[in-house]
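First the structure, in the form of structure tokens, and then the observations on it.
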Amino acid sequence: MNSKASEALTFYYSVFGKRAYALCGKLGVTEKPNMPTHCSGCGATGTLHASKAGYLAFCDVCITVGGSYLGIKAPGRMGGGWAALLTADKAILSTGKDENMGAFKILEGTQLLHNSVRSTLINAILNPPEPPFMLVAFSNSSADVCGQLRVSHSKDIVYICGGSVERLNARRIREAVSLITNNNIPQTILRNAAEARGTIQRGTNKHHVARAQNELNLAEEKKPGITTLVRSIPLIGSPEYNWIIACAYAK
Ligand SMILES: [Zn+2]
10 MNSKASEALT FYYSVFGKRA YALCGKLGVT EKPNMPTHCS GCGATGTLHA
60 SKAGYLAFCD VCITVGGSYL GIKAPGRMGG GWAALLTADK AILSTGKDEN
110 MGAFKILEGT QLLHNSVRST LINAILNPPE PPFMLVAFSN SSADVCGQLR
160 VSHSKDIVYI CGGSVERLNA RRIREAVSLI TNNNIPQTIL RNAAEARGTI
210 QRGTNKHHVA RAQNELNLAE EKKPGITTLV RSIPLIGSPE YNWIIACAYA
260 K
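See the structure below:
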């Protein structure tokens, strides 16, 4: 595990994971023949909980992040469908699932929102808290969940972590979103212009480039200034571009 990931596990544990683990109830089996002596996720020693098959074992921190994926009976509620924005003094948890809402009610210092994971991430990108903070989208899909945490140390570079690590230039996202909303750019025109700009930039096929230039001219006629705008924002296909669209056109 690299140093950023282990720093992140420590942060997660100190601000949230320790409390979250207290909710998990009895996890059952801590002894199995030939179970590992180190956490299969982060390498920690101490009390470990064996997976069903017994040849993997995880520490409490990794269990609360990885949830049911790790093959350990509880806590299923820590699996997918949750997002958390964690700072030193606050944990904002959100889920779109009704049945999840009750799970964290008893945690002190926790704000519960009935909100989709996606809109929680959008809010955090647009209005990040004071660093350091951690933005986790809990996931069922990653075996390497314990190495998938990152602390964000600035409002400009924001990590979305939990299932994978997505490093975002949030400042560029916010700048682009302001440009788009201030200029009232319709989504279709933006997409066409951004696709055209991407094709022109790649420049691999001159026929495609010519067609793209046409598209861009058309978009410029409909919305003067769009060419400059799409040249100034991250390229279509980049993670930043996808979040720009998500943030600018969130209902
Ligand atoms: Zn661990």
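Numbering (the working numbering), first residue to last: 10 to 260. Virtual Cβ for every residue (Gly too), placed ideally from N, Cα, C.
Within 6 Å: the Cβ of residue i and any heavy atom of ligand 1?
i, result
"Ala53", "yes"
"Cys170", "no"
"Val74", "no"
"Val70", "yes"
"Gly50", "yes"
"Cys155", "yes"
Please list the terminal residues of the continuous beta strand (DSSP E) segment that includes residue i.
i, result
"Thr119", "Thr119 to His123"
"Thr190", "Thr190 -> not in any beta strand (DSSP E); alpha helix (DSSP H) instead, spanning Ala179 to Asn191."
"Ile101", "Ala100 to Thr104"
"Cys170", "Ile166 to Cys170"
"Ala92", "Trp91 to Thr96"
"Leu144", "Phe142 to Ala146"
Which residues in the same chain as residue i place their Cβ atom closer than 7 Å to its Cβ, once the five residues preceding and following it in sequence are excluded?
i, result
"Lys231", "Ile198"
"Ala257", "Val186, Ile189 and Thr190"
"Ser23", "none"
Give me the Cβ distance between residue i and residue j, rounded to the nearest whole Å; I'm assuming they're in contact under 8 Å.
i, j, result
"Lys99", "Gly118", "6 Å"
"Leu122", "Lys114", "Not a contact, Cβ separation roughly 12 Å."
"Ile242", "Ala185", "4 Å"
"Thr96", "Pro138", "5 Å"
"Cys170", "Arg159", "5 Å"
"Met143", "Ser161", "7 Å"
"Tyr21", "Asn43", "Contact flag wrong, Cβ pair sits at about 29 Å."
What residue from the options has the CA that sits closest to residue i's CA?
i, options, result
"Gly234", "Gln210, Pro195 and Ile209", "Pro195"
"Lys41", "Ala62, Ala203, Lys13 and Ala205", "Ala62"
"Leu94", "Glu249, Gly26 and Lys215", "Gly26"
"Ala146", "Ser128, Leu135, Asn136 and Pro138", "Ser128"
"Gly246", "Thr237, Arg211, Ala228 and Arg220", "Arg211"
"Asn193", "Thr54, Val160 and Leu238", "Leu238"
"Ala202", "Ala221, Lys215, Asn214 and Thr213", "Ala221"
"Asn251", "Ala219, Asn226, Ile131 and Leu227", "Ile131"
"Ala255", "Arg200, Trp91, Thr236 and Val174", "Arg200"
"Leu135", "Thr56, Val167 and Lys215", "Val167"
Could you pull out every residue in the same chain whose Cβ sits closer than 8 Å to the Cβ of residue i, ignoring the five residues on either side in sequence?
i, result
"Ser163", "Pro140"
"Asp165", "Asn178, Ala179 and Arg180"
"Cys155", "Met10, Ala14, Leu18, Cys48, Gly50, Cys51, Phe67, Val70, Cys71, Val74 and Gly75"
Let's see if you can read the secondary structure: which residues bound the alpha helix (DSSP H) around residue i?
i, result
"Phe20", "Ser12 to Tyr21"
"Leu238", "Ile235 to Ser241"
"Leu130", "Val126 to Leu135"
"Pro248", "Pro248 to Ala257"
"His217", "Lys215 to Lys231"
"Thr208", "Gln196 to Arg211"
Between which residues of its own chain and residue i is the CB-CB distance below 6 Å, once the five residues before and five after are set aside?
i, result
"His217", "Thr208"
"Ala259", "Ile131"
"Ala205", "Ala221, Glu224 and Leu225"
"Thr213", "none"
Taking 6 Å as the cut-off, does the CB of residue i come closer than this to any heavy atom belonging to ligand 3?
i, result
"Asp107", "The ligand content of the structure shown is limited to ligand 1, which means ligand 3 is not among them."
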